[in-house]
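**Q** Dumping the structure here so I can ask a few things about it.
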Amino acid sequence: MMYKLMTSKQQIAQKIIDFGKTKEVLDTENGFVGQNKDINRFLRNTPFAYILGVLYDQQIKAETAWSIPYYIYQELGHLDVEKIAKMQSSEILEIFNRTAKPRYPPKMAEWTVNAAKEEAIFSARQLNPDYPGIFDKPCWIIGRGYCFEQNPNCNACPLIKVCKYNK
Ligand code: SF4
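Heads up, the sequence shown is in our numbering, so the first residue is -3 and it goes up one at a time.
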């Protein structure tokens, strides 16, 4: 997705932060598409939930995909990256079976543990250590509203000047 399209990380980070201050982002109260307001609030405030939402949002209903991180959080009582990185994917699979029942449970359980191990979250921290979640909402809006896999709307995208993939 969008994170793959980076040229100069700091330049892009600044563009995303600037976009996050615009009316378009600030006024998008229901930008996330979880199954209810609690889930959307959770997604907005939990960077790792956002990363999982991006991973899960493939060939299943977006509402389901973006709600699964919340169910994991409810079952575990946390969404702690370091703790999840130490779990077996079979433990996540059990959670899926009890709650969301997504279409590809074993694969998604594996993605969950791998994502916790990988450095996506740490990249966000490096770009803005004080508040990694600052990227969540603007990135989500760019991903949902501009950067489509087929025919991205680069002309209107806030990243057009810094994205080397613009068309
Ligand atoms: S400029 Fe185009 S390719 Fe780059 S992030 Fe925006 S929509 Fe995606």
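Glycine residues also receive a C-beta, built at the ideal position from the N, C-alpha and C atoms.
Since the model is a prediction, treat every value here as computed from it, not as a measurement.
If I follow the unbroken alpha helix (DSSP H) through R40, where does it start and stop?
**A** Counting from 1 along the sequence shown, the entry for residue 40 is found at position 44. Where R40 is concerned, the enclosing alpha helix (DSSP H) stretches over 33 to 41.
**Q** Does DSSP put R99 in a helix, in a strand, or in coil?
**A** Here residue 99 corresponds to residue number 103 of the sequence shown, with the count starting at 1. R99 falls in the coil class under three-state DSSP.
**Q** Using only the alpha-carbon positions, how far apart do K103 and N110 sit?
**A** Reading the sequence shown from its first residue, position 107 is the one you call residue 103. Reading the sequence shown from its first residue, position 114 is the one you call residue 110. Rounded to whole angstroms, K103 to N110 spans 11 Å at the Cα level.
**Q** Enumerate in chain order the residues of its own chain whose CB-to-CB distance from C153 is below 6 Å, with the five nearest sequence positions on each side excluded.
**A** The sequence position of residue 153 within the sequence shown is 157, counting from 1. Answer for C153: Y142, listed in chain order.
**Q** With L155 and W107 assumed to form a contact (beta carbons below 8 Å), what rounded beta-carbon distance in angstroms separates them?
**A** Position 159 of the sequence shown, counted from the start, is the residue given in the question as residue 155. Position 111 of the sequence shown, counted from the start, is the residue given in the question as residue 107. No, L155 and W107 are not in contact; Cβ-Cβ is about 26 Å, not under 8 Å.
**Q** Does DSSP put T141 in a helix, in a strand, or in coil?
**A** As a working note, residue 141 is residue 145 in the sequence shown. For the sequence presented, residue 141 should be read as Gly rather than Thr. Helix.
**Q** Would you check whether the ligand SF4 has a heavy atom nearer than 7 Å to the C-beta of P134?
**A** Locating residue 134 in the sequence shown gives position 138, where the first residue counts as 1. For the ligand SF4, not one heavy atom lies less than 7 Å from the Cβ of P134.
**Q** Can you check which of these residues, T18, K33, R40, is closest to W136 by C-alpha distance?
**A** What you label residue 136 is simply residue 140 of the sequence shown in a count that begins at 1. Nearest option by C-alpha distance: R40.
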